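Those protein sequences? They're chains A and B, same order as listed. Under our numbering, think of the first position of the first sequence as 4, with each following residue one higher. Under our numbering, think of the first position of the second sequence as 4, with each following residue one higher. For each residue, glycine too, the CB sits at the ideal point set by N, CA and C. Treat the numbers as computed from the prediction; the structure is a model and nothing was measured. Have a look at the structure below, then the notes.
There are 2 protein chains.
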Amino acid sequence: MKSIARTPTLEDVAKVAGVSRATVSRVVNGQASVDAALKRKVLAAVDKIGYRPNSAARVLAGRRTGELALVLSGSDGSAEEVFGDPFFGRITGGVVKHLRTKGIHPTLFLADSEAARREAVDHVRRGAADGALLVSTHADDILPGLFVEAGLPAVLFARPALHAPISYVDLAHEVGASLAADRLVSRGCRRVVTIAGPTDVPAAQDRLTGFRQAMARHGQPHIPVAHGNFTQDSGETAMLDLLTKVPDLDAVFAANDLMAAGALRALRDAGRTVPDDVAVIGFDDSAPASTSVPRLTTIAQPLEKMAAEMSRLLVAQIEAPGQSPQCTIFDPHLVERASA
Amino acid sequence: MKSIARTPTLEDVAKVAGVSRATVSRVVNGQASVDAALKRKVLAAVDKIGYRPNSAARVLAGRRTGELALVLSGSDGSAEEVFGDPFFGRITGGVVKHLRTKGIHPTLFLADSEAARREAVDHVRRGAADGALLVSTHADDILPGLFVEAGLPAVLFARPALHAPISYVDLAHEVGASLAADRLVSRGCRRVVTIAGPTDVPAAQDRLTGFRQAMARHGQPHIPVAHGNFTQDSGETAMLDLLTKVPDLDAVFAANDLMAAGALRALRDAGRTVPDDVAVIGFDDSAPASTSVPRLTTIAQPLEKMAAEMSRLLVAQIEAPGQSPQCTIFDPHLVERASA
DNA sequence: ATGAAAGCGCTAACAC
DNA sequence: GTGTTAGCGCTTTCAT
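Here it is as structure tokens:
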């Protein structure tokens, strides 16, 4: 018996089953027009020699790769920072969960430098992936432009800074911010402050603007603000700052949960009780919101659903190219816990 | 001018540069034996028409894919659970960060079912990836066996339950546990309890065993234990349980930070002060450890380094097949914060 | 319904 | 040093 070490090919199956390569291909790809008896024979042969279609050959012969690039472009943060952030973790989870049902798998890219961004584009250009899921938060990110320019299938996680013909999903950030404002006002808070995100993150801007406008509608047009960078430490620092500038503050809206958690810590250290002395509302409803003491009242963002929709949009675009860009905006909602 | 919509191939470059495909290939792949002048011409042509080598064709012609499967096999938890866990996030970050320097990218697999596990194996079998990084915590996981059996390159994150010829990285869990024991004893704690992880997770067993042995050496052979499943809620429940069974406890060692955070909450609700009434030590040194109140004293696990080493091992195995399996064990260390 | 054969784009062995 | 050529394993017309 002359056994082959080489991994089995279509040809091998054909030989064992006594049919042509074409027939085996048809069976393997589930085409209807194959005689039942032959089909059984082929399947048996496949099983016997443990045949698996070679991906590269398939792709080369004109099929899709079944892979998508998932590009995380969080500022120029290190890998640790990006993957430590529940924001990216939840999105990744949503993407994986949706894609797996379609037999598609995401390849991870950390695009934290110009070179890394180009590499992600190249990956798709070379046909190593059928398209890209772009999760970039910064306004000046060139990534979306690169993909549009190259005519490569891509979908964004958030509205692009410069208007571009590209699909995206996003959250109604202003709505979320106004939900927070309403809540604080209805609690009777009268000296309200806010901890905003970086000025170059559109979502952070939207939350700030939305919050201010909502508070203005409630008769509080001047909302003191301190900026953080979405980390717990920056939230703590911002709170400290606010505490000295506005000693009699009685409420704070933070642009994400991590900063809200930092604020909680600063408030405790300052001897203020939450929510009695100061009410606190976060944003995202991610893990830290239920770990903190007290647990955070927060504006929930359906990240997993948004990630799934983003994936769906991309797959649709790949399957039917040439359609015009689509976008889906999700609504946030208030999650009541102990802090406000 | 007859411009082509088709993406440019080696052939196109050759035509523009007026050389043969082979020469272009040599230049593109950085082979030395090419005349400098020709090389320049080729490079110019590449640049001009925006040529990018097609991955599939390359792979088919015998090269590696430059992709690795990163298989997360956390119990049968949902995607949300896995990606919400900082444990997987940190490992993913470490893998990405190490691999990117080599131009390799990980493709994500969530192997939470038998079918999903087979799919991950198939992915590598088909040549869609050169090998697999297996992060599975459960003892009864069949994944390692599947890869070994198929003779596919793979490296594990933790020691396999059944001994198998496969490389892996791991932590000296017992050492970590004894570090915790030493700390608690040196604080003068005399009624020490522990919150252990699931019994089917070898790492959890090692921590429990190591802790008990170390405490026995310190003259405390009987350590009450409650089991959790590594979530915050389970830690809170376990702590409650322990509190009723051992009302006079003065220290608790939890097998991970999340459970320690849950314990902290239960202790606060029970009116105990940490660390004065009860000292608490966690394990991992992940995000929740510095978010909790008070901040957790914990046993740090260098997950990112371990992930990088795991990647290194796999790449080495792919580049030089047939070597015998290697394993690297890392040492944990104590991180002193406020809880003990 | 099935088979024969022509590529898909690239690499590498082999000639020159 | 450079060009020629034979595959790599598969899909897909095109005949039959």
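Straight-line CA distance for residue i to residue j?
{"i": "Val-19 of chain A", "j": "Arg-43 of chain A", "result": "12 Å"}
{"i": "Thr-240 of chain B", "j": "Ala-282 of chain B", "result": "18 Å"}
{"i": "Val-151 of chain B", "j": "Thr-10 of chain A", "result": "16 Å"}
{"i": "Arg-298 of chain B", "j": "Ala-292 of chain B", "result": "6 Å"}
{"i": "Leu-73 of chain B", "j": "Arg-129 of chain B", "result": "16 Å"}
{"i": "Asp-125 of chain B", "j": "His-101 of chain B", "result": "25 Å"}
{"i": "Arg-67 of chain B", "j": "Thr-95 of chain B", "result": "22 Å"}
{"i": "Asp-260 of chain A", "j": "Thr-301 of chain A", "result": "7 Å"}
{"i": "Ala-184 of chain B", "j": "Lys-308 of chain B", "result": "25 Å"}
{"i": "Arg-29 of chain B", "j": "Ala-64 of chain A", "result": "24 Å"}
{"i": "Ala-207 of chain B", "j": "Gln-235 of chain B", "result": "16 Å"}
{"i": "Cys-192 of chain B", "j": "Ile-226 of chain A", "result": "49 Å"}
{"i": "Ser-216 of chain A", "j": "Phe-160 of chain A", "result": "The question names Ser, but residue 216 of chain A is Gln in the sequence shown. So the two alpha carbons sit approximately 25 Å from each other."}
{"i": "Leu-174 of chain A", "j": "Ala-47 of chain A", "result": "51 Å"}
With burial defined as no fewer than 16 other Cβ atoms inside 10 Å of the residue's Cβ, what is the status of residue i: buried or exposed?
{"i": "Val-284 of chain B", "result": "First, the amino acid is wrong: residue 284 of chain B is Ile here, not Val. Its Cβ being crowded by 16 or more others within 10 Å, Ile-284 of chain B is buried."}
{"i": "Glu-322 of chain A", "result": "exposed"}
{"i": "Lys-5 of chain B", "result": "Residue placement at Lys-5 of chain B is poorly supported in this model, since its pLDDT is 44, which falls under 50; the coordinates still yield a value, given next. By the neighbour-count rule (16 or more Cβ atoms within 10 Å), Lys-5 of chain B is not buried but exposed."}
{"i": "Leu-165 of chain A", "result": "exposed"}
{"i": "Ile-198 of chain B", "result": "buried"}
{"i": "Val-16 of chain B", "result": "buried"}
{"i": "Glu-312 of chain A", "result": "buried"}
{"i": "Ile-7 of chain B", "result": "Residue confidence is low: Ile-7 of chain B scores 47 on pLDDT, short of 50, so the model does not pin down where it sits. Its coordinate-derived value is still stated next. Burial call: exposed."}
{"i": "Gln-326 of chain B", "result": "exposed"}
{"i": "Gly-97 of chain B", "result": "buried"}
{"i": "Pro-156 of chain B", "result": "buried"}
{"i": "Asp-88 of chain A", "result": "buried"}
Taking 8 Å as the limit between beta carbons, can you name the residues of its chain near residue i, skipping five residues before and five after?
{"i": "Val-22 of chain A", "result": "Leu-41, Lys-44 and Val-45"}
{"i": "Lys-105 of chain A", "result": "Val-318"}
{"i": "Thr-110 of chain A", "result": "Glu-70, Leu-71, Ala-72, Leu-73, His-126, Ala-131 and Ala-132"}
{"i": "Ile-145 of chain A", "result": "Glu-117 and Arg-120"}
{"i": "Ser-36 of chain B", "result": "Arg-29"}
Going by alpha carbons, who is nearest to residue i out of the options?
{"i": "Asp-334 of chain A", "options": "A:Arg-340, A:Leu-306, A:Ser-342 and A:Ala-323", "result": "A:Leu-306"}
{"i": "Arg-190 of chain B", "options": "B:Ala-254, B:Asp-88 and B:Ile-198", "result": "B:Ala-254"}
{"i": "His-336 of chain B", "options": "B:Met-313, B:Leu-299, B:Asp-288 and B:Gln-329", "result": "B:Asp-288"}
{"i": "Val-338 of chain A", "options": "A:Asp-236, A:Thr-234, A:Gly-200 and A:Gly-179", "result": "A:Gly-179"}
{"i": "Gly-238 of chain A", "options": "A:Glu-177, A:His-221, A:Ala-219 and A:Gly-200", "result": "A:Gly-200"}
{"i": "Thr-331 of chain B", "options": "B:Asp-244, B:Ala-206 and B:Arg-162", "result": "B:Arg-162"}
{"i": "Arg-210 of chain B", "options": "B:Asp-236, B:Ala-35, B:Arg-220 and B:Leu-182", "result": "B:Leu-182"}
{"i": "Tyr-54 of chain B", "options": "B:Leu-71, B:Ile-226, B:Thr-12 and B:Arg-66", "result": "B:Thr-12"}
{"i": "Arg-205 of chain B", "options": "B:Asn-232, B:Pro-291 and B:Asp-185", "result": "Here residue 205 of chain B turns out to be Pro, not Arg, going by the sequence shown. Cα-wise, what sits closest to Pro-205 of chain B is B:Asn-232."}
{"i": "Val-138 of chain A", "options": "A:Arg-120, A:Ala-319 and A:Gln-223", "result": "A:Arg-120"}
{"i": "Tyr-417 of chain A", "options": "A:Ser-295, A:Ala-310 and A:Val-37", "result": "Nothing about residue 417 of chain A can be read from this structure; chain A reaches only from 4 to 343."}
{"i": "Gln-320 of chain A", "options": "A:Leu-270, A:Ala-59, A:Pro-168 and A:Gly-87", "result": "A:Pro-168"}
{"i": "Pro-278 of chain B", "options": "B:Met-262, B:Ala-258, B:Leu-252 and B:Gly-222", "result": "B:Leu-252"}
{"i": "Val-99 of chain B", "options": "A:Phe-112, A:Gly-87 and A:Phe-90", "result": "A:Phe-112"}
{"i": "Glu-117 of chain A", "options": "A:Ser-36, A:Ala-263 and A:Gly-148", "result": "A:Gly-148"}
{"i": "Arg-186 of chain A", "options": "A:Met-218, A:His-176, A:Asp-173 and A:Leu-159", "result": "A:Met-218"}
{"i": "Ser-58 of chain B", "options": "A:Ala-343, A:Val-127 and A:Gly-134", "result": "A:Val-127"}
{"i": "Asp-143 of chain A", "options": "A:Asp-280, A:Asp-173 and A:Thr-202", "result": "A:Thr-202"}
{"i": "Gly-154 of chain B", "options": "B:Val-30, B:Gln-216, B:His-141 and B:Ala-135", "result": "B:Ala-135"}
{"i": "Arg-341 of chain A", "options": "A:Val-196, A:Thr-294, A:Asp-236 and A:Gly-274", "result": "Checking the sequence shown, residue 341 of chain A turns out to be Ala, not Arg. Selected option, being the one with the closest Cα: A:Thr-294."}
{"i": "Arg-103 of chain B", "options": "B:Arg-315, B:Ala-123, B:Pro-324 and B:Ala-207", "result": "B:Arg-315"}
{"i": "Ala-343 of chain B", "options": "B:Val-188, B:Ala-123, B:Ala-290 and B:Asp-115", "result": "B:Val-188"}
{"i": "His-141 of chain B", "options": "B:Asp-115, B:Met-242 and B:Arg-220", "result": "B:Asp-115"}
{"i": "Pro-328 of chain B", "options": "B:Val-296, B:Gly-274, B:Val-158 and B:Arg-275", "result": "B:Val-158"}
{"i": "Val-195 of chain B", "options": "B:Gly-265, B:Leu-174, B:Ala-229 and B:Ala-303", "result": "B:Ala-229"}
{"i": "Val-31 of chain A", "options": "A:Gln-304, A:Leu-243 and A:Pro-56", "result": "A:Pro-56"}
Considering only residues of the same chain and omitting the five flanking positions on each side of residue i, which have a CB-CB separation below 6 Å?
{"i": "Ala-131 of chain B", "result": "none"}
{"i": "Ala-263 of chain B", "result": "Ala-257, Val-283, Gly-285 and Leu-299"}
{"i": "Glu-177 of chain B", "result": "Asp-209 and Gly-213"}
{"i": "Arg-344 of chain B", "result": "A query on residue 344 of chain B cannot be resolved here, the shown segment of chain B reaching from 4 to 343 and no further."}
With a threshold of 7 Å on Cβ separation, who are the neighbours of residue i within its own chain once the five nearest residues in sequence on each side are excluded?
{"i": "Val-27 of chain A", "result": "Leu-13, Val-16, Ala-17, Ala-20 and Val-45"}
{"i": "Arg-24 of chain B", "result": "Leu-13, Glu-14 and Ala-17"}
{"i": "Ile-52 of chain B", "result": "Pro-11, Asp-15, Val-16 and Val-19"}
{"i": "Val-85 of chain A", "result": "Leu-75, Gly-77, Phe-91 and Leu-113"}
| Continuous alpha helix (DSSP H) assignments of at least 4 residues falling wholly in the segment 254-302 of chain B | 260-272 and 291-294, all fully within the segment 254-302 of chain B.
| task | Just list the alpha helix (DSSP H) runs in the segment 138-173 of chain B, keeping only unbroken ones of 4 residues or longer that don't cross its boundaries, in chain order. | result | Qualifying alpha helix (DSSP H) stretches, in chain order: 146-153.
| query | Considering only residues of the segment 4-57 of chain B, which uninterrupted beta strand (DSSP E) runs meet the minimum length of 3 residues and lie entirely inside it, listed in chain order? | reply | Residue ranges of uninterrupted beta strand (DSSP E) with 3 or more members are absent from the segment 4-57 of chain B; none lies entirely inside it.
| In chain order, each alpha helix (DSSP H) run of at least 4 residues that lies wholly inside the segment 68-135 of chain B | Runs of the alpha helix (DSSP H) inside the segment 68-135 of chain B: 82-87, 89-103 and 117-128.
| task | Pick out the complete alpha helix (DSSP H) segments inside the segment 199-259 of chain A, 4 residues or longer, and give them in chain order. | result | The segment 199-259 of chain A contains these whole alpha helix (DSSP H) runs: 205-220 and 235-248.
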